[in-house]
């Protein structure tokens, strides 16, 4: 897929929650860029910081004393101006939200307001951002519903969320997100709560809409099957930090970080070689407590290639290949050994 | 909808029937009776009392008395007051508007103030305001209504002279709207106090629940101003459980009105009930009881209908 100009540059983003047992760093020094038209998949287990990263970009994390954001999120708007979203005042941020950067969420069943008509819920973002009349906004909402494949769109404007199925509601969420032609769409596990067949339809729809509008997509997921389907580039997160990132083909076919390898091995497969086995290769252990991370590589306690040096200091994110970065002290050795 | 109303009507009739039996039984089982007022009158012999009792029908078995009362009621005859022989309906009718006025004002105050305190407490939870509201609600719930009424009279009428200490209008003057309002402030405030406390607590809990819902995050992600998010998206949802509360609170309010009316010499049903109980004026007491039950049933019925109007997910069947 052709990719265009850089729309989003996240630099050293850190998110810290104030908890009763001290500061909890949920996201540590995350940096990445996003270009127009591309899809970046953010992969990791629950608690890896992938959802928090996406909420932090939108500044939808709880306000200051509870959660502090550090680093910068440089966003290039439709006007070509580059702004640091973390430095914007709240009004400036609201002008970006739902307008230039939109977000859809995991739970379509609870993400729509149950007491408002879906037409009004889509139209309100349009009237707010574009200062048009309610009638114009509702007409646009009908077009959007049509575009996301909801039959009889005009009549559905007056439906309430409980009239629709999960898949239909997620289509409404997408219509809502696309209402103001955003440059970036952040999709936080948009298909996790859906049936597999509906999931495929939604992914297909998102792809089509992306091609038609040229928007960039950040796709947060823990489903590697979905990653292979939609992503141009992949970023793997573990314990709040990026442990591997690169193009979807190199990362998925030749993962360098033992964690990524473990993730890929724990996906059930149907090839003849794996069919005979009756257990999956799970990664032993569990995600470390973010309040007491190991001093060295945070994956070291679960890694089967671990050496004492790994536990001494946090490894840096190194460039392995062109555009393929990995955070592992031993990646060269492991690659040579043909892991 | 028609089925729902019909069902509720039948249900209400059964409930009213049960209420009337319990009320009638309790009333007649209480010691004393309408004749006890004559007990100390000199010159009335036992035979005279028996004759009066016979004339009033009080010497017949209780079930028979109840049956007569019920059949007359179904025929539209609520009976006559033992005290002044006025028709019960006229006696109650003369007092109903004062009670409804007081209750209406108290509901208005408790909903507006209670909802506001609750919402503010939820969006600034654990702030100084929230702590004060929490403590204030506990204090308000612990204060007896009659005592608070006396304090209000002492402070605002006796001491400051701002508000009249009782009655619905200034006696002997032409009653204007402002005069009514002036008299209404203190009793409405006293009656509303407990309700404000209850409403603010329920509202805070409901609002806290709603502002952590996914759809509130969606509204923020659309870039809507916080004002719109709170008052358009959150409040509407947070108010839904409050509608049922309003229905349930009506009998409580009626009970509070009884005390408040007595403290403020408010010419409503509450005072009428107390006076009638003192005289053992059975027909009037039964009438008030039936009216109160009807009010409570209607309150809940309207709450259910209104809930269905406000929440598109609810359908009345």
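Residue numbers (this note's numbering), protein chains in the order written: chain A, 76 to 414; chain B, 71 to 387.
Note that beta-carbon positions come from the ideal geometry of N, C-alpha and C, so glycine has one too.
Residue 283(A) sits in a helix when the DSSP states are folded into three classes. For residue 106(A), the uninterrupted beta strand (DSSP E) segment begins and ends at 97-110. When C-alpha distances from residue 388(A) are compared across 403(A), 142(A) and 299(A), the shortest belongs to 403(A). Residues of chain B with a Cβ closer than 8 Å to the Cβ of residue 186(A) are, in chain order, 284, 285, 287 and 288. Legend: CB atoms of the segment 302-315 of chain B lying less than 7 Å from CB atoms of chain A belong to residues 303, 306 and 307.
Contact annotation: in the segment 375-386 of chain B, residues whose CB is within less than 7 Å of a CB in chain A are 381, 382 and 383. Neighbours of residue 241(A) in chain B, taken as residues at a C-beta separation under 9 Å, are lacking, since the least C-beta distance is about 13 Å.
Considering only 108(B), 344(B), 193(B) and 270(B), the residue with the shortest C-alpha distance to residue 205(B) is 270(B). At a Cβ-Cβ threshold of 8 Å, residue 148(B) and residue 348(B) do not count as neighbours. Between the alpha carbons of residue 148(A) and residue 226(B) lies a distance of about 59 Å. Not a single C-beta of chain B is nearer than 8 Å to the C-beta of residue 93(A).
8 Å or more divides the Cβ of residue 132(A) from the Cβ of residue 165(A).
Listed in chain order, the non-local C-beta contacts of residue 151(A) below 6 Å within the same chain comprise 82 and 157, local neighbours out to five positions each way being set aside. Here residue 276(B) has 308, 311 and 312 as same chain residues with Cβ atoms under 7 Å from its own Cβ, once five neighbours each way along the sequence are excluded. Within the segment 254-265 of chain B, contact with chain A at the beta-carbon level (separation under 9 Å) is assigned to no residue. One Cα belongs to residue 81(B), the other to residue 378(B), and the distance between them is close to 19 Å. At least one CB of chain B lies nearer than 8 Å to the CB of residue 174(A).
In the same chain as residue 175(A), and ignoring 5 residues on each side of it, the C-beta atoms closer than 8 Å to its own belong to 150, 152, 153, 255, 257, 258 and 259, in chain order.
Under the 10 Å beta carbon count, residue 119(A) is surrounded by 16 or more other beta carbons and is classified as buried. Within the DSSP bridge table, the entry for residue 122(B) names no partner. In this structure, residue 280(A) lies away from residue 211(A), with their beta-carbon atoms at least 8 Å apart. Between residue 333(A) and residue 380(A), the C-beta spacing is below 8 Å. Taking 8 Å as the threshold, the shortest C-beta distance from residue 294(B) to chain A falls below it. Burial is judged here by how many other beta carbons sit within 10 angstroms of a residue's own beta carbon; residue 203(A) has at least 16 and is buried.
By the Cβ-count criterion, residue 221(B) is exposed, with fewer than 16 other Cβ atoms from all chains shown falling within 10 Å of its own Cβ.
Where residue 252(B) is concerned, the enclosing alpha helix (DSSP H) starts and stops at 247-281.
Of 375(A), 191(A), 301(A) and 112(A), the smallest CA-CA separation from residue 360(A) is found for 375(A).
Listed as beta-bridge partners of residue 365(A) by DSSP are no residues whatsoever. Apart from the 5 residues on each side of it in sequence, residue 215(A) sits with its Cβ closer than 6 Å to the Cβ of 201 in its chain, given in chain order.
Nearest Cα to residue 128(B) within the set 98(B), 109(B), 111(B) and 107(B): 98(B). Between the segment 164-172 of chain B and the segment 252-265 of chain B there are three or more C-beta pairs closer than 8 Å, enough to call the two in contact. Put simply, of 177(B), 278(B) and 217(B) the residue whose alpha carbon is nearest the alpha carbon of residue 321(B) is 177(B). Residue pairing for residue 260(A): DSSP places it in a beta bridge opposite 177(A) and 292(A). The three-state reading of DSSP puts residue 141(A) in coil, since its state is none of H, G, I, E or B. Here residue 91(B) carries a helix assignment [DSSP, helix/strand/coil].
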